Structures are given as C-alpha cells and as structure tokens.
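Single-structure report; data block below.
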Amino acid sequence: MAFPLTFGLDTFGDKTNDADGQPLSHAQTIRNLVEEGVYADELGLDFFGIGEHHTDDWPLSAADVVLGAIAARTKHIHLGSAVTVLSSDDPVRVFQRYSTLNAISGGRAEVVLGRGSSIDSFPLFGYDLADYETLFEEKVNLFAELMKGGPVTWQGSTRAALLKQDVVPHVESGPFPVWIGVGGSPQSVVRAAHYGFNLMLAIIGGNPSRFAPFSRLFEQALAKFEQPVRPIGVHGPGHVAATDEQAREEFWPYYLDVFRRIGKIRGFATPTKEQFLHEAGPHGALYIGSPETVAQKIATYLPALHANRFDLKYGMGGLSHETLMANIELYATKVVPRVRELLASQS
Amino acid sequence: MQVGRIAVLGAGHSGPVMARVAVEAGFHVSIAASGDPEKIALITEVLVPGAEPRWAAEAVADADIVVLAIPLHRFEAFDPALVAGKLVIDAMNYWPEVNGYLDAFEPRRESSSEIVQGKLDRSTIVKSLNHIGYHELAEDRRPAGSPERRALGVAGDDRGAVDVVADLIERIGYDAVRLDSLSAGRLLEPGGPVFGVSLHRTEFEAAVHAAAR
C-alpha cells in the first residue's frame, strides 16, 4: 500500500440527550463535541472530522470553530470537515478558515469538500440548487488555485473575480490535505483526480464493495491526468459497543427515530428492523457491533476499495454523550489495533 | 418489437448504473452526457464496460429505448427534438426536499412524468427505474423465479410502450408491475408507497393498489 493506514472519526455533531433521555441544548452538545475530539486525540486516533449542517438536529454550522477549540487542546490528531458544503460557501473563506485552523494546530488541518446529503445551506445562503453543478465545479477550481499558494487570479460566474489577490493566512509548510467527498457521482471522482485531491468515499447504504469501481476510476483518472497516486478514504457510519447485540440495540431506536423523521420530510419509507440488520450485517454499509465485528468489516472493505483511511461516522441523534465516549474508546483501543493486525496478516 | 439498442442520457449518479445493468442483460447500450463523449470515455470504460460513449443525438438516433436519467433541473433546457418519435423511459424524480423546488413541476397536480410528457410531446413517455436507489439497481437484480426477486413499476398511457419497457425491466432482473397511466406514475414518486422500498411482486401490487384507492 502506497500510504500509511490511518483511522479517524467523523461526526455530524448530532444533538445528544443526557443520561435520562432529555435533549441537551445545542451549546452543550457542542461543548461535549469538543470533549469527544480531545478524547479521540488522547486515544491516538489520526483524524477527527465534523460535517457541516444547518438544522436543529445537526447544529454544526460552524464546524471549523469547534475544530479550532479542539486544536488548542490537542497535539497530534488531524482535524477537518466531513464535509464542507463548498457550493454554498465562498472558497476564499473556506481556505482562510482552514488555513487558520492549520496555523492553530501546527499543520493538522484537512478539508473534505462535497455536497453532503442535506440541502439546507442553499436557501440559507441564497443559492439555487439548480446551479449545483456549476457552483461546485467553479468553486473547486478556485479552491485548487488557492491551494497552490501565492497571489490568485481567477474568473468565473459564481463569485467576484480575483486579480493577483494575496489570500491569507499563508500556509506554513506546504498545502494541507484536500479531499473530495463522493457519494455516487463519477464526475466528482474524475474531478478529484483532475485537481490531484484525495478521494473520500461516503458509503452510507448498500454493500460497500459496490464503490470499488470508483476507486479504480480514481486511479485510472489520476494516471490519465499524470497526477501522482493519491490516498483513498472511506467514510462509514457505525457504532461500537461491547457486544453486537448491545451495539445494535443502542443504535437502532435512534436510527429509526432519525430516519423516520427524515423520511417523512424527504418522502422515503421508514427503514424496517430487517433492513437495519442487513445494513449492520457483513454486506451492508453500517459498521455496528462488537469491536471484533466492526474490525473484521473494516479489514474486509479497506483493501477491497484500495483505501488506506477509514473514518467511522459515529453518533445518531439522541444517543448520549456517555454512549458516544464509550464508542470512541472501543473504536480507538480495540477496533483500530485489531484492523491493523488483520491487515498486517493479510499482506 | 425486439428491443436491442438502448441510449442512456445522463452520466451522473444513476445513468452509468442503468447502462451497466442493460449491458449485462445483453442490450447494445450507448451512454451520453451533455457534451463531448470524450469527457465520459473513462467513466464509461471503468464503470460501464461494453457501453459506447457517444454524442446524445447519435446515441438516440438508432436507439429503440431512450433512458432519460439527467437531473430534473436540467430538463428545462432539454431539447424535445432530440428524442422526437422515441420511446423514452423517464427515470427522473421531482424531489424538492432533496434537490430543490422547480416551478415547472409546481403545483403538483399532475405526476412529474405527465409534465415530462407535456414537454416531450412527440415522444412516448413511460415512467420506470426512478423509485429504486441507484446503489441498489445493480445489487438487487435476481433471475426470474427467484423468491428474492424485487418488483419495479412501469407506468404509461401507451400500452405497447409499457409492454416494451416491462420486458426490459424483466430482462435486467426485476419483476415488472404495470400501471396503466402516466398519471398513476405518481404512485412511483417520492412520498409514494413504493419509493425506495424493496418489495416482491405481490407486495408491490398490494401497495400500489391500496394507495390508488
């Protein structure tokens, strides 16, 4: 494998409940999230990412501020987005915020650019979803220019042109990692390769191995564009507890509740327990179970997807902070070492 | 009619998957995006081996069935002349909560496919392939007679066209459940009883009949 294996956590900062099942405020949820990031660093994880959302369930609209707080209290862990909704943001501001995070953290910033599955930021910031492709394409293009460092000259239809513009803060020691988060668009895979960005596969339903052709597409596109080989990562939702049964039973009621409510809004059917168990099983997208079960699953799909990075997307609206901390501990102390062991014995 | 050639318009999330299952069912498949086929050559080679990337007009010209799998917000700028005289599968969805609101599809008095038919008035529209996730379309295929075989709806005003599309659906690995009008295609839309739900034929028929009452 061309790149070292790395293991991270992603979260959307779901609103949490207290131990008695009462919902906590957004403010307390965010303070807890800082503790979760600090704990992930203490336990030696490689990455902690926060996904931008703008709803009551996911109040993490300013993820980079939270990352800055975590950066100030940690030494080793890399910090980034999961994802930054670039299309409804200004690439100059995204660069400035993550370059600032990079400065605070001593070079530990990463940014994952994508659409995400929510569209709330578009009306909020006055963008039309019908312009999505143009917005993303142009803004990724500008972001790539910004990452080169030095004065930027750029012209497009989605923001003001830049003429030899110095954008600060400058990065200290080379560009920080940029990933494109891809949920199913082959054009996004090719685009990531074109700019020489890393590929993050967001696999939230179905058999993860169906994304293997995307990894091949990425590798071939990199070769076509004469770009060096780049890392491939997997973002997979899950939950770890002492036993398979405990993990499923902890997660299922909140999963059901969240997906029932999203389904009502978006017009899809509420998932059944049978579907949930399938997704949590060996052929589904959810990494739910005991440390051994989750480790086996990760160790199966990382090589299948030619990936060297796995980010467990943990949390589900309503789960308590205490349950999430237990999940983080098991992931870092049991799952990750076991995956390393399994993959070492394979090679 | 013996269907042999299929043109898939759209190389986004769903187009390549639809093209792939058609290739593997033995059809001759072309795939086209909005411009130069060179731009989708690599995507086609890796994701849809066996399909031919072409200009849209060329792909459509000799196709027996055209599968329209572009984002619906691009449909406003779609040229009806491109598919005049063709049987077109409308695999698109009006899904404002996920993809944003479009004036042309509001207020929702008609099914989205009736609005598509209204614009593509020289084509024959059949609604299908819209209510199964693009990530499931390849995975959930099963041979005829398999107890696990999933059903997909086929809705249209033209009975002959519905039969042709139903045959395609059966050949790619699903049981086809016919709905006798584009208006009834509403039952296949987001918020409907079968959208994104994996059902066997009898369950599917029961679900659409219950919702139609």
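Protein sequence lines, in the order shown, are assigned to chains E and Z.
Position one of the first sequence corresponds to residue 7 (the numbering used here), numbered consecutively onward.
Position one of the second sequence corresponds to residue 80 (the numbering used here), numbered consecutively onward.
No residue lacks a Cβ here, since even glycine has one placed at the ideal position from N, Cα and C.
The structure presented is a predicted model; accordingly, all values stated were derived computationally and were not measured.
Taking 8 Å as the threshold, the shortest C-beta distance from residue 288 of chain E to chain Z does not fall below it. Annotation for residue 340 of chain E: 297 place their beta carbon closer than 7 Å to its own, counting only its chain and skipping 5 residues before and after.
DSSP places residue 93 of chain E within a helical segment (H, G or I) once states are collapsed to three.
Taking C-beta separations shorter than 8 Å and ignoring five residues to either side along the sequence, the partners of residue 41 of chain E in its chain run 327 and 331, following chain order. In chain order, 40 place their CB closer than 6 Å to the CB of residue 75 of chain E, counting only its own chain and leaving out the 5 sequence neighbours on each side. One thing to note: residue 207 of chain Z has its Cβ within 8 Å of the Cβ of residue 244 of chain Z. Assigned with DSSP and collapsed to three states, residue 289 of chain E falls in coil, not helix or strand. Near chain E, meaning a CB-to-CB distance below 8 Å, the residues of the stretch 161 to 184 of chain Z are 174, 176, 177, 178, 179 and 181. Just so you know, the alpha carbons of residue 348 of chain E and residue 51 of chain E end up roughly 18 Å apart. Take residue 289 of chain E, set aside five residues on each side of it, and the residues of its chain with a beta-carbon closer than 6 Å to its own are 213, in chain order. Residue 112 of chain E is classed as exposed because its beta carbon has fewer than 16 other beta carbons within 10 Å across all chains shown. By the Cβ-count criterion, residue 271 of chain E is exposed, with fewer than 16 other Cβ atoms from all chains shown falling within 10 Å of its own Cβ. Per the DSSP secondary-structure output, residue 160 of chain E pairs in a beta bridge with E/168. Close CB contacts of residue 227 of chain E within its chain, under the 6 Å cut and outside five residues either way in sequence, are with 196 and 199 (chain order). Annotation for residue 189 of chain Z: no beta strand (DSSP E) segment contains it, and DSSP assigns it neither H nor E. The three-state secondary structure of residue 154 of chain E, taken from DSSP, is coil. In the three-state DSSP reduction, residue 18 of chain E falls in the coil class, being neither helix nor strand.
In the three-state scheme derived from DSSP, where H, G and I count as helix and E and B as strand, residue 96 of chain Z is classed as helix.
In the three-state DSSP reduction, residue 210 of chain Z falls in the coil class, being neither helix nor strand. Nearest CB-CB separation between residue 114 of chain Z and chain E: not below the 8 Å threshold. One finds 152 and 179 in chain Z with Cβ atoms closer than 9 Å to the Cβ of residue 134 of chain E, taken in chain order.
Here residue 187 of chain E really is in contact with residue 118 of chain E; their C-beta atoms are around 5 Å apart, less than 8 Å. The continuous beta strand (DSSP E) containing residue 241 of chain E extends over residues 238 to 246. Annotation for residue 121 of chain Z: the continuous alpha helix (DSSP H) segment containing it runs 120 to 126. Annotation for residue 116 of chain E: the continuous beta strand (DSSP E) segment containing it runs 115 to 120.
Residue 107 of chain Z carries a strand assignment under DSSP once its states are collapsed to helix, strand and coil. With three or more CB-CB distances shorter than 8 Å, the stretch 116 to 133 of chain E counts as touching the stretch 92 to 103 of chain E.
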